[in-house]
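What follows is a single structure, written as structure tokens, with notes after it.
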Amino acid sequence: MHVVLIAAQKGGSGKSTLAAHFGALAERDGRTLLIDADPQGSLSFWYERRAAEAPLLAKAGAGDVAGILKDAQAEGIAWTIIDSPPHNAPLIGSLMSRATMTVIPVRPGPFDLAAVGATLDMARSLKAPIACIINAAPPITRESETAIVAEARGLLTSMGAPVLPGQVSQRASLSHALITGQAVNEFEPDGRAAREIEAMWSAVVGLARAFPRKA
């Protein structure tokens, strides 16, 4: 079973949004479980509005994740995606140690870039495989990323952070999909948002498969 943790110690980075969209895409490749470990419950809010029966979802408190992962492994789950809380370094560290890889969404703004260092330091101390995603970015213009995205990518690279190519842009269709309990590839499969999300998930899959599966 591959375990993908979506983590950032700053709130508002878009973790739940990525978890929902990634979960629907992961289901194409095998049974998928979403774990909502964020007390805010945004992922559960989306799931309650979802008509489709997959992926599965489990709510988890701080001490529940290990048992949920053990059960998921026994039940033949192929992918588990964990939406983690911000501002809870001990729990994030525990989840990182259990994950195949950790995805760190970063908005291309000064506060988010300033805050990402703590998450990167934690990952280094745990020797946890990570990848940063530039999230909620201004849309690409004329097939090139905006200056603020290029600057963010350069700063992350200078911090030693692996950054996935491309970006997830701030697009209305992402929110419209979530409101209706869908993923954007279901809501608007031929749209730009769906293409960006699918490209990011494909990159995450490629990296996750390079690391040992987690029990």
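Residue numbers (our numbering): -9 to 205. A virtual CB, placed ideally from N, CA and C, is assigned to each residue, including glycine.
1. Classify Ile169: buried if its beta carbon has 16 or more other beta carbons within 10 angstroms, exposed otherwise.
2. Span of the beta strand (DSSP E) holding Lys49?
3. Just checking my contact of Pro95 with Phe201 at CB under 8 Å: how many whole Å lie between their CB atoms?
4. Quick check: what's the CA-CA separation for Gly171 versus Ala184?
5. With DSSP as the reference, label Val153 as helix, strand or coil.
6. Closest to Pro45 by C-alpha separation, out of Arg39, Gly13, Ala27 and Phe177, would be which residue?
7. Measuring CB atoms only, is the region 21 to 38 touching the region -2 to 10, in the sense that at least three cross pairs come out at less than 8 Å?
8. Beta-carbon separation of Ser159 and Pro129 under 8 Å?
9. Suppose the cutoff is 8 Å on Cβ atoms and the five residues either side in sequence are ignored; what does the same chain contact list for Ala173 look like?
Well, looking at it:
1. The residue given as residue 169 occupies position 179 in the sequence shown. With fewer than 16 other Cβ atoms within 10 Å, it is exposed.
2. Indexing the sequence shown from 1 puts residue 49 at position 59. Its beta strand (DSSP E) spans residues Leu46 to Lys49.
3. Within the sequence shown, numbered from 1, the residue matching residue 95 stands at position 105. Within the sequence shown, numbered from 1, the residue matching residue 201 stands at position 211. At roughly 19 Å, the Cβ-Cβ gap does not stay under 8 Å, so Pro95 and Phe201 are not in contact.
4. Walking along the sequence shown from the start, residue 171 turns up at place 181. Walking along the sequence shown from the start, residue 184 turns up at place 194. Each residue's alpha carbon lies about 15 Å from the other.
5. Walking along the sequence shown from the start, residue 153 turns up at place 163. Secondary structure of Val153 (DSSP, three-state): strand.
6. Residue mapping note: residue 45 aligns to position 55 of the sequence shown, counting from 1. The residue with the shortest Cα to Cα distance from Pro45 is Gly13.
7. They touch, by the three-pair rule.
8. Taking the first residue of the sequence shown as position 1, residue 159 is located at position 169. Taking the first residue of the sequence shown as position 1, residue 129 is located at position 139. Cβ atoms of Ser159 and Pro129: closer than 8 Å.
9. If you number the sequence shown from 1, residue 173 lands on position 183. Hits under 8 Å: Ala10, His11, Gly13, Ala14, Leu15, Ala167 and Ile187.
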